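J.:
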Ligand SMILES: Cc1cc2nc3c(=O)[nH]c(=O)nc-3n(C[C@H](O)[C@H](O)[C@H](O)COP(=O)(O)OP(=O)(O)OC[C@H]3O[C@@H](n4cnc5c(N)ncnc54)[C@H](O)[C@@H]3O)c2cc1C
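Residue numbers (the working numbering): 52 to 386.
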């Protein structure tokens, strides 16, 4: 069955900024077979809406959040290949994997959103990202009006990016299933200093302990409601760009990011531009985590977007670095 609400539906419950935005219709397929027909009507494709900023009245939105289920495709003593539907909630999926003895995803505990959205954004946290676990992605391609299976090597997974964000694919390819390869042996990744310091040293071999440690760190750092997590990506600079930034900010932290490139924490640039706690209407740069913009309760979309643009401008003026949004901006489309 497909639930479709039309004539203007409030999207507040369908995205994490919780803004008072409506959509002309919200299409919610519950079975994969419904996707091709509903896709003909859809303008935007979303999952759980934890990485989007809808900027005004939305046209027709299709969410894959109700496509649920999983099945084991192959299994041996080392690992398992499992196919999971795009609408499974990511954190619930991580818990299910731990409970079944399938490992690797523990550091990605507590990331909001769906499995489909996780692939599009190539989610990452605490020293790992989704890409190495990906085997293939299946979905409905609206351009060719057919189902397609894309192997991981062709998914162009990068830092918070994938093939599915490119203009020929975004809103054209509706991910319905994802195949992941997980390990049966638990090998904790403790490279992130916070995680290594906080984890109970007597339970390091317990995947639930890693899961709970990551959740605890996240809940201290991030607001539970009214945001889309990090608003901006951490900028990746060339050696020359880093040298020019260091001339203005000798103590700027940086980390190697591939040959000849360096990642700089956007939170540091925003904080040191004096923007922590800065407000525009009902939007605020989070007081503990300046990379996050929050709806304090009364924000309208233009408050969030206006503040994001202000942050972008101020950081550029001060440091000469252009911050790129990690959040996808959904612009109203006149129909
Ligand atoms: C408090 C908070 C903390 C967060 N922390 C992290 C973090 O630590 N690391 C991290 O990487 N992210 C983080 N995020 C961002 C967000 O959780 C992830 O990007 C998440 O994977 C988005 O999933 P979603 O289902 O909500 O996608 P949506 O926000 O609904 O969509 C995101 C993008 O994916 C596309 N999309 C979604 N589903 C499909 C589909 N089935 N087919 C085709 N396209 C689709 C949309 O068109 C859009 O471009 C955080 C967000 C919040 C609110």
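Glycine residues also receive a C-beta, built at the ideal position from the N, C-alpha and C atoms. These numbers come from a predicted model, not from an experiment.
With a threshold of 7 Å (Cβ to nearest heavy atom), would residue 289 be considered close to ligand 1?
T.: no
J.: Along the beta strand (DSSP E) that carries residue 243, what are the first and last residues, could you check?
T.: Segment: none, residue 243 is in no beta strand (DSSP E) and carries neither H nor E.
J.: If you follow the beta strand (DSSP E) that residue 190 is in, where does it begin and where does it stop?
T.: 185-192
J.: What separation, rounded to the nearest whole angstrom, lies between the Cα atoms of residue 57 and residue 77?
T.: Summary for residue 57: the model assigns pLDDT 47, below 50, so the residue's position carries little reliability; its value from the coordinates is reported in the next sentence. About 7 Å.
J.: Run the proximity test for residue 141: is its beta-carbon closer than 7 Å to any non-hydrogen atom belonging to ligand 1?
T.: At least one heavy atom of ligand 1 is nearer than 7 Å to the Cβ of residue 141, so yes.
J.: Verify whether the separation of the beta carbon atoms of residue 344 and residue 332 is less than 8 Å.
T.: no
J.: Let me know the secondary structure DSSP gives residue 67 once reduced to three states.
T.: coil
J.: Which residues in the same chain as residue 369 place their Cβ atom closer than 7 Å to its Cβ, once the five residues preceding and following it in sequence are excluded?
T.: Cβ within range, chain order: 324.
J.: If contacts are defined as beta-carbon pairs under 8 Å, then residue 21 and residue 301 qualify, I think. What distance do you get, rounded to the angstrom?
T.: No statement about residue 21 is possible, as the shown extent of the chain runs from 52 to 386 and does not include it.
J.: For residue 373, collect the residues of the same chain with a Cβ closer than 6 Å to its Cβ; drop the 5 residues on either side in sequence, then sort them by chain order.
T.: 367
J.: With a threshold of 7 Å, establish whether the CB of residue 102 neighbours any heavy atom of ligand 1.
T.: yes
J.: Taking DSSP as the reference, what is the three-state secondary structure of residue 354?
T.: helix
J.: To the nearest whole angstrom, what separates the beta carbons of residue 380 and residue 106, a pair I think is in contact under 8 Å?
T.: Between residue 380 and residue 106, the beta carbon gap of about 6 Å places them in contact (Cβ cut-off 8 Å).
J.: If you draw a straight line from the alpha carbon of residue 224 to that of residue 217, how long is it in whole angstroms?
T.: 10 Å
J.: Along the chain, where does the beta strand (DSSP E) that runs through residue 39 open and close?
T.: With the chain represented from 52 up to 386, any question about residue 39 goes unanswered, as that position is not in the structure.
J.: Among 280, 262, 349, 100, whose alpha-carbon lies nearest the alpha-carbon of residue 146?
T.: 262
J.: Taking 7 Å as the cut-off, is the C-beta of residue 273 nearer than that to any heavy atom in ligand 1?
T.: yes
J.: Just to confirm before moving on: does the CB-CB distance between residue 184 and residue 156 stay below 8 Å?
T.: A contact, by the Cβ cut-off of 8 Å.
J.: Classify residue 149 as buried or exposed, calling it buried when 16 or more other Cβ atoms lie within 10 Å of its own Cβ.
T.: buried
J.: Is residue 377 closer than 8 Å to residue 211 when the C-beta atoms are compared?
T.: Contact: yes.
J.: Note down, one range per segment and in chain order, each alpha helix (DSSP H) of at least 4 residues found wholly within the stretch 58-119.
T.: DSSP runs (the alpha helix (DSSP H)) wholly in the stretch 58-119: 86-90.
J.: What residues in its chain sit with their C-beta under 6 Å from that of residue 151, if we drop five residues either side in the sequence?
T.: none
J.: Residues in the same chain with beta-carbon distance under 7 Å from residue 232, minus the five sequence neighbours each way, listed in chain order, please.
T.: 130, 132, 184, 186.
J.: Mind checking residue 118: buried by the 16 CB within 10 Å criterion, or exposed?
T.: Around the beta carbon of residue 118, a 10 Å sphere encloses 16 or more other beta carbons of the protein chains shown; the residue is thus reported as buried.
J.: Let me confirm a value: residue 48 is counted as buried when at least 16 other C-beta atoms fall within 10 Å, else exposed. Which label applies?
T.: Residue 48 lies beyond the stretch modelled for the chain, which goes from 52 to 386, so this question has no answer here.
J.: Jot down the residue ranges of each uninterrupted alpha helix (DSSP H) in the stretch 273-302, minimum 4 residues, whole runs only, in chain order.
T.: DSSP runs (the alpha helix (DSSP H)) wholly in the stretch 273-302: 290-299.
J.: Could you spell out where the alpha helix (DSSP H) holding residue 130 opens and where it closes?
T.: Element bounds for residue 130: not the alpha helix (DSSP H) but the beta strand (DSSP E), 130-136.
J.: Please classify residue 203 as buried or exposed, where buried requires at least 16 other C-beta atoms within 10 Å of its C-beta.
T.: buried
J.: Using only alpha-carbon positions, find the residue among 70, 61, 96, 84 that is nearest to residue 221.
T.: Shortest Cα-Cα distance from residue 221 to any of 70, 61, 96, 84 involves 96.
J.: Look at the alpha carbon of residue 371 and the alpha carbon of residue 296, and state the distance between them as a whole number of angstroms.
T.: 7 Å
J.: Whose C-beta lies closer than 7 Å to the C-beta of residue 365 among residues of the same chain, with five residues either side of it excluded?
T.: 324, 326
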